[in-house]
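Notes follow once the structure below has been shown.
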Amino acid sequence: MFRLIAGVAVLAALTACSDAGHHDDPMLIPAGSSGAAALGQPVTELDTLVDWVQNATDECDDAEPATEQDLRDYLGPTRFPWYASYVGAWATCKVAPYEKIGLVVFAPGAQAAFQESWAAALRAGEDRSNPDWAFGNGFAVTAGPLGVERLGLRYLMCEPGDIPAEGAVPSDVEGCVFAALGHRHE
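Here this note's numbering is used: the first residue of the sequence shown is 6, the next is one more, and so on.
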């Protein structure tokens with residue numbers, strides 16, 4: 006019983022602190038009540054994402070569009086196939102404490118397809134956990150803690166044991182949610 010109470014208290018504290026300071030960000034005003042639309046305004050252009058991250062962090066001034074080979078090198082051979090086909094454009098930049106983060110704009114219609122492929126892989130028993138990226142509407146930041154804690158984005162969570170009871174919105178795929186859990190440990 007103590008574990009349950011302690012777990013709920015930690016979850017409530019993490020959910021409450023992870024979204025602090027983002028309530029007035031126009032980029033995060035929901036465009037819908039569920040799915041990626043519930044995460045904020047749609048982003049379809051890399052320049053829009055880069056400008057927003059620069060304004061929100063006062064960093065990322067060194068942003069540069071990157072190639073598919075750069076993405077392969079950045080993600081490595083295991084993770085590259087999990088993400089690559091869904092990426093429309095991406096750039097990298099430095100935002101402390103990270104030397105390099107990825108700013109990803111999904112290809113048109115690819116964010117929901119990404120969610121479905123991830124959920125299907127988990128259902129099939131593939132050896133992976135929830136994605137460590139932080140998601141917005143049409144985009145993601147590869148440094149999940151930065152995206153959630155500093156930018157007000159959400160994690161995609163499809164593993165049943167990880168899905169919080171509060172502070173989450175349904176994703177575009179049944180059985181998954183977008184959740185704003187700060188200080189996530191794996």
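Backbone N, C-alpha and C define an ideal beta-carbon position, used for all residues, glycine too.
Out of 118, 99, 115, 164, point me to the one whose CA is closest to residue 129's CA.
On the sequence shown, position 124 is the one that residue 129 refers to. It is 164 whose Cα lies nearest to the Cα of residue 129.
Residues in the same chain with beta-carbon distance under 7 Å from residue 23, minus the five sequence neighbours each way, listed in chain order, please.
Taking the first residue of the sequence shown as 1, we reach residue 23 at position 18. Note that residue 23 has pLDDT 40, beneath the 50 cutoff, so the model's placement of it is unreliable and the number below is only indicative. Around residue 23: 153, 154, 185, 186, 187.
Any idea if residue 176 is buried or exposed, counting beta-carbon neighbours within 10 angstroms, 16 or more meaning buried?
Translated into the one-based positions of the sequence shown, residue 176 becomes position 171. So residue 176 counts as buried.
Would you please state the rounded distance, in angstroms, between the beta carbons of residue 124 and residue 178? I believe it to be under 8 Å.
Counting from 1 along the sequence shown, the entry for residue 124 is found at position 119. Counting from 1 along the sequence shown, the entry for residue 178 is found at position 173. The pair is a contact, with the Cβ atoms about 5 Å apart (cut-off 8 Å).
Leaving out five residues on either side along the sequence, give the residues of the same chain with a beta carbon under 7 Å from the beta carbon of residue 182.
To locate residue 182, count along the sequence shown from 1; it is residue 177. Scanning its chain for C-beta atoms nearer than 7 Å, with the 5 sequence neighbours on each side dropped, one finds around residue 182 the residues 162, 168, 173, 174, 175, 176, in chain order.
Give a yes or no on contact between the region 34-48 and the region 89-107, applying the rule of three or more CB pairs nearer than 8 Å.
Contact between the region 34-48 and the region 89-107 is absent: fewer than three C-beta pairs spanning the two stretches fall below 8 Å.
To the nearest angstrom, how far is it from the Cα of residue 120 to the Cα of residue 58?
Along the sequence shown, one-based indexing puts residue 120 at 115. Along the sequence shown, one-based indexing puts residue 58 at 53. Computed Cα separation, rounded: 23 Å.
Contact defined as beta carbons within less than 8 Å: I believe residue 33 pairs with residue 45. What is the distance between those atoms, to the nearest angstrom?
Taking the sequence shown and counting its residues from 1, the one referred to as residue 33 is at position 28. Taking the sequence shown and counting its residues from 1, the one referred to as residue 45 is at position 40. Contact holds; Cβ gap of about 4 Å.
If you draw a straight line from the alpha carbon of residue 138 to that of residue 29, how long is it in whole angstroms?
Here residue 138 is taken as the residue at index 133 of the sequence shown, counted from 1. Here residue 29 is taken as the residue at index 24 of the sequence shown, counted from 1. Rounded to the nearest angstrom, the two C-alpha atoms are 23 Å apart.
Indicate the three-state DSSP secondary structure (helix, strand or coil) for residue 40 in the structure shown.
Position 35 of the sequence shown, counted from the first residue, corresponds to residue 40. The answer is helix: DSSP assigns residue 40 an H, G or I state.
Which residues in the same chain as residue 66 place their Cβ atom closer than 7 Å to its Cβ, once the five residues preceding and following it in sequence are excluded?
For the purposes of this step, residue 66 is taken as residue 61 along the sequence shown, with counting starting at 1. So the list reads 59, once near-sequence residues are dropped.
Assign residue 81 to one of two classes, buried (16 or more other C-beta atoms within 10 Å of its C-beta) or exposed (fewer than that).
Counting from 1 along the sequence shown, the entry for residue 81 is found at position 76. With a threshold of 16 other beta carbon atoms within 10 Å, residue 81 falls short and is exposed.
Whole angstroms are fine: how far does the CA of residue 103 sit from the CA of residue 26?
Position 21 of the sequence shown holds residue 26. Position 98 of the sequence shown holds residue 103. No answer about residue 26 holds up, because its pLDDT of 46 lies below 50 and its placement is not dependable.
Ignore the nearest five residues each way along the sequence and tell me which others in residue 77's own chain have a CB closer than 6 Å to its CB.
Position 72 of the sequence shown, counting from 1, holds the residue named residue 77. Taking C-beta separations shorter than 6 Å and ignoring five residues to either side along the sequence, the partners of residue 77 in its chain run 85, following chain order.
What residues in its chain sit with their C-beta under 8 Å from that of residue 35, if we drop five residues either side in the sequence?
Against the sequence shown, residue 35 aligns to sequence position 30. Only 42, 43, 44, 45 meet the Cβ criterion.
How many whole angstroms separate the CB atoms of residue 117 and residue 64, which I take to be in contact at a CB cut-off of 8 Å?
For the purposes of this step, residue 117 is identified with residue 112 of the sequence shown, where counting begins at 1. For the purposes of this step, residue 64 is identified with residue 59 of the sequence shown, where counting begins at 1. The beta carbons of residue 117 and residue 64 sit about 30 Å from each other, so the pair does not count as a contact at 8 Å.
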